[in-house]
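The sequence shown maps to residues -19 to -1, 1 to 351 in mature numbering (1 follows the signal peptide of the UniProt record, and there is no 0). Just so it is clear, CB atoms sit at the ideal spot from N, CA and C, and this is done for glycine as well. Predicted model, so just to flag it, every value in this text is computed and none were measured.
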Amino acid sequence: MKKLYVIPALALIALLAISATKNTTSYTDNFISGDPGVQSINALTFGPEGILFIGDSKSATVFAVDTKDAQNNASASAVRMRNFDAKLAEKLGTEASNIRITDMAVNPLSKNIYLSVHNADGTPLLFRLKGDQLEAVSLKDVSYSKAEIENAVDANKKDRRGRSQRVWAIADMGFHNGKLMVSGLSNKEFSSTFRSIPFPFNKNQDHASLEIYHAAHAQFETFAPIKTFTVANIKGKEQLVASYTCTPLVLFPMDQLKNGKHVKGRTVAELGAGNSPLDIISMEKDGKSFFVMSNTNRAVMKVRYTDVEKFEGTLTEPVRELGKTEGVPYVSLPMVNVLQLDKLDDTQFVYIQRTSSGEMILNTANNRWL
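Structural data, given as structure tokens:
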């Protein structure tokens, strides 16, 4: 009789051992150590386990970096730092005029704030703000993996004004359902592209080309990159909520953004020409959801999910009056010249603002503004 129990017991032990092995599997198991060779930092976003994704348009590569910053912190303390660019420059032994902040991302676990900076010669640098302590994060010896962007826009491609288009090889990034999502430009005829890259990285990349009707330009467009995006559940269906230069707000069903597909978005709003969106996040208050978006030439906008849900159609007629809005309404928040924006925790967001006096501040705001 004992033998009848020994075999199942051994099997159970083996199963428990396998289960334990699976439970200790980390996203960083296949990472390598060293200098990833980051040439530029155009976009930042976080994934699981405190992994920071770096979008490098110059090399057309995305890097996944283990920040070793995965301690969970449910909420974050409010922070306000004056002369923020000067403080960054001081860390580099230079003047604020010699640096440019290219992106900001909050680690959703630790709530530490990460910032990418280019100095005067274009060298990319990474900083971390822990509480009120600003520290440099070296990229010379890190644990990382990388994926080269397929069919990226050519390094010598220029627009009709002579501006380099390579910077938009990676315009924005986000992490959702185990995949790194990347908006930007490809070298294809329909160059506006949305990429979905499984993580941990392998050789697979899904590419969908995009088309929108841009009412402020009175035309269909396939050449402009999504400048900022998020994913939201709209009426029970996951949508990519995206905005472009001159501020059309467009929905793309996530289940249609498949490899090799050409997807037409549904334009639900024109939020004002002569402006470019910078960052869009989702926030909640009292069970209600909102999009919050910063802009180059408009105040921070608040858009209610419910207003997007109520808008059934798509804009099909030109909006010719400069700055006129159409479609889903928005509320202007009393925050202007907001250069960077991200969600800090469930009740706060953090932003970098250039004040009317020229001072740069890093500040937090809570959901009372919603």
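Report the rounded CA-to-CA distance for N54 versus K111, giving the unit in angstroms. 12 Å
Are the beta-carbon atoms belonging to A57 and D323 less than 8 Å from one another? no
Taking only three categories from DSSP, how would you classify E170? coil
Beta strand (DSSP E) runs contained entirely in the segment 160 to 226, provided each spans 3 or more residues: 160 to 166, 173 to 179, 187 to 195, 200 to 202, 209 to 215, 218 to 224
In angstroms, rounded to a whole number, what distance separates the CA positions of L69 and G217? 43 Å
Three-state secondary structure (DSSP) at K150? For the record, residue 150 in the displayed sequence is Ala; it is not Lys. In this structure, A150 counts as helix in the three-state DSSP scheme.
Contact the segment 143 to 161 vs the segment 111 to 123: 3+ CB pairs below 8 Å: no
What residue range is occupied by the uninterrupted beta strand (DSSP E) comprising K92? Here K92 belongs to no beta strand (DSSP E), and DSSP marks it neither H nor E.
With DSSP as the reference, identify every bridge partner of L107, one or two as the case may be. S97, V118
Report yes if the C-beta distance between F292 and V331 is below 8 Å; otherwise report no. no
Expected contact under 8 Å - CB spacing of A205 and T174 to nearest Å: The pair is not a contact, with the Cβ atoms about 11 Å apart (cut-off 8 Å).
Please report the distance separating the alpha-carbon of D140 from that of S40. 19 Å
Alpha helix (DSSP H) runs wholly inside the segment 273 to 323, at least 4 long, in chain order: 286 to 291
Should E302 be labelled buried (16 or more other beta-carbon atoms within 10 Å of its own) or exposed? exposed
Would you identify the three-state DSSP class for D260, choosing helix, strand or coil? strand
Could you give the DSSP three-state label for S56: helix, strand or coil? coil
Identify the residues that DSSP records as bridge partners of T48: which are they? Answer by DSSP bridge pairing: none, since T48 is not bridged.
Where do the ends of the alpha helix (DSSP H) carrying E71 lie? 65 to 73
In whole angstroms, what separates the C-alpha of T306 from that of N100? 37 Å
In three-state terms, what does DSSP make of P234? strand
Beta-carbon within less than 6 Å of D84's beta-carbon, same chain only, minus the 5 sequence neighbours each way: which residues are those? A24, L25, S97
Tell me which same chain residues have a C-beta within less than 8 Å of the C-beta of K3, skipping the five on either side of it? Because the pLDDT at K3 is just 49, under 50, the model does not fix this residue reliably, and the point stays unresolved.
Beta-carbon proximity list for D37, same chain, < 8 Å, skipping 5 on both sides: V19, Q20, S21, I22, N23, V43, F44, P105, I151
Span of the beta strand (DSSP E) around Y125: 123 to 129
What are the partner residues of T345, as DSSP defines its beta bridges? V331
Between which two residues does the beta strand (DSSP E) containing S14 stretch? 13 to 15
Starting from the C-beta of T336, find all residues in its chain whose C-beta is less than 6 Å away, skip the five residues before and the five after it, and write them out in chain order. none
Run the CB neighbour count on F27, radius 10 Å, all protein chains shown included, and call it buried at 16 or more, exposed below. buried
Give me the residue from K266, V317, Y8, L107 with the minimum Cα distance to residue 429. Residue 429 lies beyond the range of the chain shown here (-19 to 351); nothing can be said about it.
Count the other C-beta atoms from every protein chain shown that fall within 10 angstroms of the C-beta of D315, then say buried if there are 16 or more, exposed otherwise. A small correction: the amino acid at residue 315 is Pro; Asp does not occupy that position in the sequence shown. By the neighbour-count rule (16 or more Cβ atoms within 10 Å), P315 is not buried but exposed.
Euclidean distance between Cα positions of N93 and L230: 30 Å
Any idea what DSSP makes of E251, helix, strand or coil? strand
In three-state terms, what does DSSP make of S78? helix
Taking the Cβ atom as the reference point for each residue, do Q52 and S91 lie within a distance shorter than 8 Å? yes
What does a CB cutoff of less than 6 Å around S172 pick up in its chain, not counting 5 residues either side in sequence? L166, F204
What is the DSSP secondary structure of T336, reduced to helix, strand or coil? coil
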